[in-house]
Structure formats: C-alpha cells, structure tokens
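This report concerns only the one structure given below.
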Amino acid sequence: MHTPVHTSLYPMPLYPTIVEDHASNTSNSVLILDQTRLPHLVVQVRLNTMHDVVHAICSMQVRGAPLIGVTAAYGVALGLRHDVSDKHLAQVIATLSVTRPTAVNLRWALARMQHVLQKSALATRREVAWNEAGAIAAEDRAANAAIGEHGLQLIKRCWGKRGVLHLMTHCNAGRLATVANGTALAPIYAALAAGIAVHVWVSETRPRNQGLLTAWELAEAGVPHTLIADNAAGLLIMQGKVDMVIVGADRIAANGDTANKVGTYLKALAAAAHGVPFYVAAPLSTIDFSCPSGQDIPIEERAAAELGAGDVPVANPAFDITPAHLITGIISERGVATPEELAQWKT
Ligand code: MRU
Numbered sequence: 002m003h004t005p006v007h008t009s010l011y012p013m014p015l016y017p018t019i020v021e022d023h024a025s026n027t028s029n030s031v032l033i034l035d036q037t038r039l040p041h042l043v044v045q046v047r048l049n050t051m052h053d054v055v056h057a058i059c060s061m062q063v064r065g066a067p068l069i070g071v072t073a074a075y076g077v078a079l080g081l082r083h084d085v086s087d088k089h090l091a092q093v094i095a096t097l098s099v100t101r102p103t104a105v106n107l108r109w110a111l112a113r114m115q116h117v118l119q120k121s122a123l124a125t126r127r128e129v130a131w132n133e134a135g136a137i138a139a140e141d142r143a144a145n146a147a148i149g150e151h152g153l154q155l156i157k158r159c160w161g162k163r164g165v166l167h168l169m170t171h172c173n174a175g176r177l178a179t180v181a182n183g184t185a186l187a188p189i190y191a192a193l194a195a196g197i198a199v200h201v202w203v204s205e206t207r208p209r210n211q212g213l214l215t216a217w218e219l220a221e222a223g224v225p226h227t228l229i230a231d232n233a234a235g236l237l238i239m240q241g242k243v244d245m246v247i248v249g250a251d252r253i254a255a256n257g258d259t260a261n262k263v264g265t266y267l268k269a270l271a272a273a274a275h276g277v278p279f280y281v282a283a284p285l286s287t288i289d290f291s292c293p294s295g296q297d298i299p300i301e302e303r304a305a306a307e308l309g310a311g312d313v314p315v316a317n318p319a320f321d322i323t324p325a326h327l328i329t330g331i332i333s334e335r336g337v338a339t340p341e342e343l344a345q346w347k348t
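When the count follows the working numbering, it moves up by one through the sequence shown with no breaks and lands on 348 for the last residue.
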C-alpha cells in the first residue's frame, strides 16, 4: 500500500495530479501525485482501493476542492471492485463522504456517482463507475479552460495601469488542485500565453504551506512570482503593489459568501480597504445552493500537530469565510458574476 511508483528530485516531466491506470487485467487503479512530498520530491503513488483513496484525501496527498471531488469519484469505482451491490455502494459513498468536510466538490461528486450508479444494472456497474469518474475528471479539465478564458478578460481590463500586472493569490488553486490548469491560476496561465506580463505574490499559507506548491507550479510554468509570509499581504496591498487578488474556493454559499483556505478573509478585507478587486475562481461544482450563507458552511478543524507548536493549546481551523460584500466577482466556467447574480447559475 502507498508504495511510490516513481520518485524524482526534479519536476520534469509534468506529472498529472491524477490518472487512471488500466495496465493490469485484474485490477484497475489510479496514480496520484503525492502533494505531501512536494515541492521537495515528485512522487507518484498508486491507489488500489477505496481505503487508499480515503487515506490520500484525509492526509492531503491529494488536496484542492475539485481534485478531492475527482479522487473521491475514483474512490467509488475502486470501492466497487469486489462488490457492486446497492448496500455496498451506500457504504462506499458514506465512507468517502466524511473524509473532508468543507470542500463541497466531494459531496457533489459522490452524489453524482450515487445517482448514476443506482440507475445502472449490477452487471455493468463497475464499468459505469469508471466512466463516470472519468467524465467528472474531463469536465474539470474543461471548466479549468473556461475559467481561464473568462478570467483572462478581467486581467486584460485590469492590465495597462503598469507594464506588469501584479496579482496576489492564496493557498494553491492551480493545476495541483485540479485535473488541468486550476481555477485561480488558470487566468494567470492564460494571461502568460496571451503575452501579458504578470507577476504573482504567493502567500505561504500556514500551516500547510500550500503557497510552496503554488510557487513550485508557477516556476514549472515559467510565471514570475514572489513568495511572501501570510502577514505581508496587507502591507503589499496598502503600498499599491497588488492590482488584483484571485483565490479559489472550497464552497460558495447561495448568497456568495465563500469558504476558502484560512487567511483568505484577511486578504479580502485588505483588498476592499484599498480598492483592489478581489475575485474568486471556482467551477459550478463548488457552489452549494443548499447552503444559504457562509454561516452554514462547515469549517474543517485539523490536527493541532500541523502547527508544530509542541504542547500548547492550539486551534487549527483550515478555512475561513469571506463575506459576499468583499467579493468583486466570481469566475466560473459560465462567466463572471457578482455574488448577487449567482442565482443565474442555478440549474
Ligand atoms: O486544504 P486544501 O489544500 O485542500 O485547501 C485548498 C484550498 O483552499 C483551495 O484554495 C481551494 O480548494 C480551491 S482549489 C482549486
């Protein structure tokens, strides 16, 4: 279990965050990039069972809301290997659904798998599960591309104030958090491809340091960037060194309140105080219309050990809520909407 399949000191070639492996006739599996080893080591790990998937999500070997959803969908396919009954399907879904509480993409992907699989004949259920998980992954790739294009239009409008457009992001909402180009970073990659000079302020994102993941993937893509301590963000925004903030999301409530990695709210406050546009980029699968406001979003409390503080009392909420009134716009695969306009995307 969890034997590394490939280990390298260097980031080349570009390993996918998750990929199906059907090389063996008897057991299908998925390969993931172990994000607990990045940026120091590039390690691919094989997930053979649903329990491997549970471990990968809980330990944050895979992380980022969209990628968590895709991985959980593959977890269902792996979980049906020896038993495709309705009862076992329900057990698999229940086990996977409690791995992480805040990213709604997890629940969304599992609900979709359950809906499709309950309607499918037992004889083809396994195959249907793999196909549906693959479809969810493919849709994430398409959503990343569309978010990149819509975000690029915003960047183009904001560009021109200076030669280089300075963006700020928090956590990692890039390719490592999705199947393709990410959400918050997709417009930045699109801008680079369009010849726009960009520079990204990357906040460290204590305590798990997802900012290092962002710096790693921006370096891999050739995007100029600077790593900062989380607490430096307010100063840089006050000094006029930030033209636009773009972050991802783990869950967007019906009123536009947004849960994202802890520390996002402080950046939104500073951006609003200094008139800097603050955008949230996320696929529709991150919007939870059953959640009226941010107060209804469960906030994951993670282990005290993550703070590395030894034997002192610790609180470790992993996410915070940015109220809708601090958000300039939400970028999804459908376009850009203000929080008040969000209902137009309800299907
Ligand atoms: O705890 P993580 O690393 O899974 O949290 C990730 C974030 O908060 C991301 O910003 C969010 O999931 C968006 S990823 C496209």
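Glycine included, C-beta positions come from ideal geometry on N, C-alpha and C.
{"query": "Under 8 Å by Cβ, that's how I've got L81 and A24 pegged, so tell me the actual separation to the nearest angstrom.", "result": "Not confirmed; about 19 Å, so no contact."}
{"query": "Under three-state DSSP, which class holds I197?", "result": "coil"}
{"query": "Determine contact between the segment 73-93 and the segment 299-306, defined as no fewer than three beta-carbon pairs at a distance below 8 Å.", "result": "no"}
{"query": "Relative to ligand 1, is the shortest distance from any of its heavy atoms to the C-beta of C159 smaller than 8 Å?", "result": "no"}
{"query": "What is the DSSP secondary structure of V165, counted as helix, strand or coil?", "result": "coil"}
{"query": "To the nearest angstrom, how far is the alpha carbon of A250 from that of A282?", "result": "7 Å"}
{"query": "Please state the DSSP three-state secondary structure of P40.", "result": "coil"}
{"query": "Can you give me the C-alpha to C-alpha distance between S28 and N49, rounded to a whole angstrom?", "result": "8 Å"}
{"query": "Sorted by chain position, which residues of the same chain lie with C-beta nearer than 6 Å to I156's C-beta, five sequence neighbours on each side aside?", "result": "P188, A192"}
{"query": "Would you say the segment 300-316 touches the segment 115-133, given that touching needs at least three Cβ pairs under 8 Å?", "result": "no"}
{"query": "Say the cut is 8 Å; is the CB of H171 nearer than that to a heavy atom of ligand 1?", "result": "yes"}
{"query": "Apart from the five residues just before and just after R303, which ones in its own chain have a Cβ nearer than 6 Å to its Cβ?", "result": "N317, A319"}
{"query": "On a Cα-Cα basis, can you pick out the residue from L228, A220, L219 that is closest to E205?", "result": "L228"}
{"query": "Within the segment 180-261, note down every full alpha helix (DSSP H) run reaching 4 residues or more, in order along the chain.", "result": "187-194, 211-222, 234-239"}
{"query": "Opposite E21 in the DSSP bridges: which residues?", "result": "V31"}
{"query": "Could you give the distance in angstroms between the alpha-carbon of T215 and the alpha-carbon of A122?", "result": "43 Å"}
{"query": "For a test of your reading of the model: does the CB of D289 fall under 8 Å from any non-hydrogen atom of ligand 1? Yes or no.", "result": "no"}
{"query": "Should the segment 279-294 be called in touch with the segment 196-213, which here means at least 3 C-beta pairs below 8 Å?", "result": "no"}
{"query": "With a CB to CB cut of under 8 Å and the five nearest residues on each side skipped, what residues in its chain are close to T37?", "result": "S60, M61, Q62"}
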